[in-house]
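**Q**
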Amino acid sequence: MTATVPPPALRSGRVTPTAGEVAAVGRRRRPWRRLWAVVLGVVTVAAYVVFRTEGATEDGDAAAFRFFDGVRDWVDANRDSSPVFLYGINYVRLGVRLLVDAVQAALSGLGFAGLVAAITGLGVVLAGWRTGLLALGGFLAFAVLGLWEQSVDTLVLTVSAVLLSVAIGVPLGVLAARVRWVGAALRPVLDVMQILPTFAYLAPMTLLFLIGEPAAVIATMIYAVPATIRITALGIGEVSPSAVEAATALGSTRWQLLRKVRLPMARPTIVLAVNQTIMLALSMVVITALIDAPGLGQNIVSALQRVNVGAAFDAGLAIVILAVVLDRITTNAARRVRRSLSIRGGIGVGIAVVAAAFIPLGSADLPAYSFAAPVNDAVGWIELHWYDVTEGLKNGISAGVLDPLETVLVTSPWWLFVAAVAAFGTLISGWRAAAVAAPAAAGLAGLGLWQHSMQTLATVLVAIVLTMLIGVATGVVCARHDRLATALRPVLDAAQTMPSFVYLLPAVALFGASRFTAIVAAVIFAVPPVVRLVERGLRDVPPAVVEAARSAGSTPRQLLWKVQLPMARGGLLLAANQGIVMVLAMVVVGGLVGAGALGYDVVAGFSQRELFGQGLAAGLAIVLLGIVLDRLTQGFHDSKGPRR
Amino acid sequence: MRTLRTAATAALIASLAACGGATSGAGEESEPSAGPKGTVNLAINPWVGYEANAAVIAHLLEKELGYTVEKKELKEEIAWQGFETGEVDAIVENWGHADLKKTYIEQKKVAVDVGPTGNKGTIGWYVPQWMVDEHPDITDWNNLNKYAALFKTSESKGKGQFLAGDPSFVTNDAALVKNLKLDYTVVYSGSEAAIIKAAQQASAQKKPLLFYFYEPQWLFAKEKYVRVKLPAYKTGCDADPKKVACDYPDYVLDKIASKKFADANSTAYQLIKNFTWTNDDQNLVSDYITNQGMTPEKAAEKWAAEHEATWKPWIR
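So the sequence lines, in the order shown, correspond to chains A and B. Read in the working numbering, the first sequence has 561 at position 561, and its numbers run on one by one without any break. Read in the working numbering, the second sequence has 1271 at position 271, and its numbers run on one by one without any break.
(1) Report yes or no: do the segment 1162-1174 of chain B and the segment 595-614 of chain A share at least 3 C-beta pairs separated by less than 8 Å?
(2) Output, in sequence order along the chain, the residues in the segment 1199-1222 of chain B whose CB is closer than 7 Å to any CB in chain A.
(3) Among the candidates L592/A, M498/A and A552/A, whose CA atom is the shortest distance from the CA of F516/A?
(4) Going by DSSP in three states, A1275/B sits in which element: helix, strand or coil?
(5) Could you name the residues of the segment 1059-1092 of chain B whose beta carbon sits closer than 9 Å to any beta carbon of chain A, in the order they occur along the chain?
(6) Given a limit of 8 Å on CB to CB distance, which residues of the segment 57-90 of chain A reach chain C?
(7) How long is the line joining the alpha carbons of V1088/B and V408/A, rounded to whole angstroms?
(8) Excluding the 5 residues preceding and the 5 following K1121/B in the sequence, name in chain order all residues of the same chain whose CB lies nearer than 6 Å to its CB.
(9) Exposed or buried, D1247/B, counting other C-beta atoms within 10 Å across all chains shown (16 or more means buried)?
(10) Is it buried or exposed, Q1217/B, if we count other Cβ atoms within 10 angstroms and call 16 or more buried?
(11) Would you say R52/A reaches chain B, if we count a Cβ-Cβ gap shorter than 7 Å as a contact?
(12) Shortest alpha-carbon distance to D493/A belongs to which of R52/A, T390/A and L322/A?
(13) Under a CB-based cut-off of 7 Å, is S1154/B close to chain A?
(14) If you reduce the DSSP assignment to three classes, tell me which class A352/A lands in.
(15) Have a look at A194/A and Y223/A and give me their C-alpha separation to the nearest angstrom.
(16) Measure from the alpha carbon of A368/A to the alpha carbon of each residue in A141/A, L107/A, V244/A and Q614/A, then state which is nearest.
(17) What ranges does the beta strand (DSSP E) occupy inside the segment 1057-1138 of chain B, keeping only unbroken runs of at least 3 residues that lie completely in it?
(18) Going along chain B in order, which residues have a C-beta closer than 8 Å to the C-beta of I291/A?
(19) Could you spell out where the beta strand (DSSP E) holding E1215/B opens and where it closes?
(20) If you follow the alpha helix (DSSP H) that G392/A is part of, which residue opens it and which one closes it?
(21) Touch check for the segment 411-430 of chain A and the segment 42-51 of chain A: three-plus C-beta pairs under 8 Å?
(22) Tell me whether R145/A sits in a helix, a strand or coil according to DSSP, three-state version.
(23) List the residues of chain B whose Cβ lies closer than 9 Å to the Cβ of N395/A, in chain order.
(24) In chain B, which residues lie less than 9 Å from F516/A when you measure between Cβ atoms?
(25) Can a CB atom of chain A be found closer than 7 Å to the CB of K1197/B?
(26) Could you check whether I211/A and I1078/B sit closer than 7 Å to each other, using their CB atoms as the reference points?
(27) Looking at chain B, which residues of the segment 534-568 of chain A have a Cβ within less than 9 Å of any of its Cβ atoms?
(28) What residues in the segment 1161-1190 of chain B bring their beta carbon closer than 8 Å to a beta carbon of chain A?
(29) Mapping DSSP to helix, strand and coil, what is N1041/B?
(30) Let me confirm a value: D1238/B is counted as buried when at least 16 other C-beta atoms fall within 10 Å, else exposed. Which label applies?
(31) Just to confirm my understanding: we take G169/A, look at its own chain, exclude 5 residues before and 5 after, and list those with CB closer than 6 Å. What are they?
(32) Quick check on R483/A: buried or exposed, where buried means 16 or more other Cβ atoms within 10 Å of its Cβ?
(33) Run down chain B in chain order and give the residues with a C-beta less than 7 Å from the C-beta of V603/A.
(34) Roughly how many angstroms lie between the CA atoms of F51/A and V410/A, to the nearest whole one?
(35) Got a sec, what are the start and stop residues for the alpha helix (DSSP H) D1254/B sits in?
(36) With the cut-off set at 7 Å, would you say G237/A and A177/A are in Cβ contact?
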């Protein structure tokens, strides 16, 4: 049983440094840095006090917005006449439509019993008996929940998007690992693809590919393919040079080298890439319900309209089950992949599946059960009785932390913010990182969204701090208590894969339409990977070191603060970096529950024709914020200076 | 069906490759393919009242006229785009949208207006009933500033909070607050679900709330909310969105169809054209869907069984 690896954990193929490396880096720290930091801090505060502004207001008519509106109008006018569409984009759409229809025909052709048998067989052959049984139970559960057809539709979209991602991502990943400039050119593109909020490209997707499955599959692929490329590149890059050397000495050609040595040796990592692609695709497929993609997402969206949390919970649960089944099959397959698969077993399962396809058992023949009523009762009780406490919590954090921070950020002149980013960026992460971060910060002003960006930044910062506090504390406890860690694992899995739409409404009931509700949603989403990375970091501390500290008389508290946490620094910082990415991904969802600012701009741009340009610009602003935060913190992670 | 379509798409790609490019509608089911009479593509906009209209129309199209109905869950803007590509045949509850009418009906000529649904739409500012019981004069906008302190929240920056609705709805709230010199901050709830939840909590917890809402709306079947009177609407007072200082007009909700669908003048089009009913009819079906847990199909079936006299004239 493995946990879902946090999706972007392998974003740039950064590997947790070993304890020895971290210690060495710590020693190399130069003392003048601290002095500089203090001086810079004082200068920044002084400049803020002198130059503080009233905080500009947005007029909703920046040049950037008009530019995007112009592009939209051109596409609308030329969809059936421009050669770009006639010979390019419309064919892409046709091709994807063909793929979706083929996958759909294959999966629904098997029928209920056939598909259940197929997934069970796949689980048994690829990942062993236990996983096979899990798959069997999971797929039967879809029928029990009365969501069989929707689940299959979701599976069809996911499989289509994953097939496309693998077809495009694996070759690109190999290229990125082998050809230096391809890797260098791809990296910033992948960064943008991962931070760009999904909502921001749903509207352009419908513009190019119209509504329906093809646009949904392509949007999903854009979201998932960066993981395929990055992890494949990581796997190819890690193939041991001595094996390559040996093969070269035996006279292999480059093509043979790739096919016979590099790809087979990187196979476990490539399977992991597929695993991550599936997980990301599943989380995106739900959102594409907003552009009329079929499946479980539709159930969730319409349950939301009726304010029926219980109905949304059923569909959310089906997604969690689908995610867990697919995750266990692929991770266990990755582990077993070196063992050759039994051909006889494969044939046996194949026959069983064909036989099962003829069993006249329908999904409606199973007993039905729905969690809707109990969940609605429980949620109703919580909403009624917890309100006073949650209201107080919200007001306290909003007035005590969020408002002051927002005021400072909004009333800073933009050039001061950019200068501070440049100065602190140079100090923490080196001039190269600062040379990227500072223009990104200036870009926020250039897009005409300065005030909204600063409001969003304040919310994001508070969410990141809360995520880290909760995530590190839970991770530390989990690392010390095995049983608790095992018990918590399914909860973390569910928190990560349960579509956020499901728990948004109770959050709104408890915390009102507010920035704090957005923070709560972001924390729920971002905490699981942080917990996992922290726990792994702490467990990776060599037992010999812990033993030595113990025998030297350390108390458990000293052991934690003086030995384990400092040695797990790499894991902690990677966790912080992941936390930032995950929190940013939730900014737009925050816009749906009253957080306003950039998230709302994106949502509004998706819904109103006149606001299209502003919505797209706000999506870009979120990417720029992500770049600023990522570059500023990368230095913490790798104190030797810029990592690239 | 699917395999057939796959083969058809493949053939289409081959033939298109031979002679010129692919248009945006290529590969979609524009030909009648299912049911004895063909398929009608209904847009489903994201609110329950709309769904009630669509459910009843779909029920009658399928059960009485033998069509297949394809329901497409889309936001309003995107549904209008669908007229152009042939993916949407009809929108069955439209709230104003003069800008979209101008683009798609007048300029692009891909859509036509097919008359009112019979429902009257009201948009306005509302407060929960218990607030009116405690402060009877709160329903006059002149008194809103007096009560601003009641509506203060963590989001309203020291002023009163006005909670605005789903971004796809028609709104003048920010301009109204400014032009009526109200001591309020507009907070954007961001979705319809969020505003309904806030309204429910305002009743359940007795929390003050001033919010954007509309009728017909199923929530009114459960809780009471009262409209605050803003300066009365006069024709043209909302012409300049930045200078609006009057209440929202009453909307005559109407139906829009794609030009192609209308020109074909099928019995399906006739049904949609003839469809009109009252707010009570719609609220009844909405209530079946939301409060009594029926699927839209079941709700429509029940309503149709009970109201034959209403719908018979639509399918003359």
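Idealized CB from N, CA, C, for every residue including glycine.
**A** From the atom records:
(1) The way I'd put it, the segment 1162-1174 of chain B does touch the segment 595-614 of chain A; three or more beta-carbon pairs between them come closer than 8 Å.
(2) Q1201, A1204 and Q1205
(3) On the first sequence, position 516 is the one that residue 516/A refers to. Nearest of L592/A, M498/A and A552/A to F516/A, Cα basis: L592/A.
(4) Taking the first residue of the second sequence as 1, we reach residue 1275/B at position 275. Sequence inspection shows Phe at residue 1275/B; the Ala mentioned does not correspond to that position. Reduced to three states, the DSSP call for F1275/B is coil.
(5) K1072, E1073, L1074, K1075, E1076, E1077, I1078, A1079, W1080, Q1081, G1082, E1084, T1085, E1087 and V1088
(6) Of the chains in the structure shown, none is chain C; the protein chains are A and B.
(7) Walking along the second sequence from the start, residue 1088/B turns up at place 88. Walking along the first sequence from the start, residue 408/A turns up at place 408. Near 48 Å, if we compare the C-alpha coordinates of V408/A and V1088/B.
(8) Here residue 1121/B refers to the residue found at position 121 when the second sequence is read from its first residue. It is Gly, not Lys, that sits at residue 1121/B in the sequence shown. Here the set comprises W1095, Y1251 and L1253.
(9) Numbered from its first residue, the second sequence carries residue 1247/B at position 247. With 16 or more Cβ atoms within 10 Å of its Cβ, D1247/B is classed as buried.
(10) As a working mapping, residue 1217/B is identified with position 217 in the second sequence. By the beta-carbon neighbour count (other beta carbons within 10 angstroms, threshold 16), Q1217/B is buried.
(11) The residue labelled residue 52/A in the question sits at position 52 within the first sequence. Taking Cβ atoms only, chain B never reaches closer than 7 Å to R52/A, which makes this a no.
(12) On the first sequence, residue 493/A is found 493 positions in, with the first residue counted as 1. Scanning R52/A, T390/A and L322/A for the CA closest to the CA of D493/A turns up L322/A.
(13) The residue given as residue 1154/B occupies position 154 in the second sequence. By this cut-off, S1154/B is an interface position.
(14) As a first step, residue 352/A is located in the first sequence; it is residue number 352 there, counting from the start. Three-state DSSP puts A352/A in a helix.
(15) In the first sequence, the residue the question calls residue 194/A occupies position 194. In the first sequence, the residue the question calls residue 223/A occupies position 223. A small fix is needed here, since residue 194/A is Gln in this sequence, not Ala. For Q194/A and Y223/A, the distance between alpha carbons rounds to 6 Å.
(16) Indexing the first sequence from 1 puts residue 368/A at position 368. Among A141/A, L107/A, V244/A and Q614/A, the Cα nearest to that of A368/A is on A141/A.
(17) 1068-1073, 1090-1094 and 1111-1128
(18) Taking the first sequence and counting its residues from 1, the one referred to as residue 291/A is at position 291. The answer, in chain order, is L1074 and I1078.
(19) Here residue 1215/B corresponds to residue number 215 of the second sequence, with the count starting at 1. Where E1215/B is concerned, the enclosing beta strand (DSSP E) stretches over L1210 to E1215.
(20) The residue you call residue 392/A lines up with position 392 of the first sequence. Unbroken alpha helix (DSSP H) run through G392/A: Y387 to I397.
(21) yes
(22) Locating residue 145/A in the first sequence gives position 145, where the first residue counts as 1. Looking at the sequence provided, one finds Leu at residue 145/A rather than Arg. It is coil, neither helix nor strand.
(23) Taking the first residue of the first sequence as position 1, residue 395/A is located at position 395. T1153 and S1154, listed in chain order.
(24) Translated into the one-based positions of the first sequence, residue 516/A becomes position 516. Within 9 Å Cβ-Cβ: S1154 and E1155.
(25) Stepping through the second sequence from its first residue, residue 1197/B is reached at position 197. Yes - at least one Cβ of chain A is within 7 Å of the one on K1197/B.
(26) Numbered from 1 along the second sequence, position 78 holds the residue referred to as residue 1078/B. Numbered from 1 along the first sequence, position 211 holds the residue referred to as residue 211/A. Yes.
(27) Those would be none; no residue qualifies.
(28) L1163, D1166, P1167, S1168, V1187, Y1188, S1189 and G1190
(29) If you number the second sequence from 1, residue 1041/B lands on position 41. Correct three-state label for N1041/B: strand.
(30) Residue numbering aside, residue 1238/B sits at position 238 when the second sequence is read from its first letter. Classification of D1238/B: buried, given that the 10 Å Cβ count is 16 or more.
(31) The sequence position of residue 169/A within the first sequence is 169, counting from 1. Cβ within range, chain order: V225, T228 and I229.
(32) Here the question's residue 483/A lines up with position 483 in the first sequence. When all chains shown are included, R483/A counts as exposed.
(33) Counting from 1 along the first sequence, the entry for residue 603/A is found at position 603. Within 7 Å Cβ-Cβ: P1167 and G1190.
(34) Translated into positions along the first sequence, residue 51/A becomes position 51. Translated into positions along the first sequence, residue 410/A becomes position 410. Going from the Cα of F51/A to the Cα of V410/A covers about 12 Å.
(35) Position 254 of the second sequence, counted from the start, is the residue given in the question as residue 1254/B. Secondary structure note for D1254/B: it is in no alpha helix (DSSP H), and the uninterrupted beta strand (DSSP E) holding it is Y1251 to S1258.
(36) Translated into the one-based positions of the first sequence, residue 237/A becomes position 237. Translated into the one-based positions of the first sequence, residue 177/A becomes position 177. Yes. Within cutoff.
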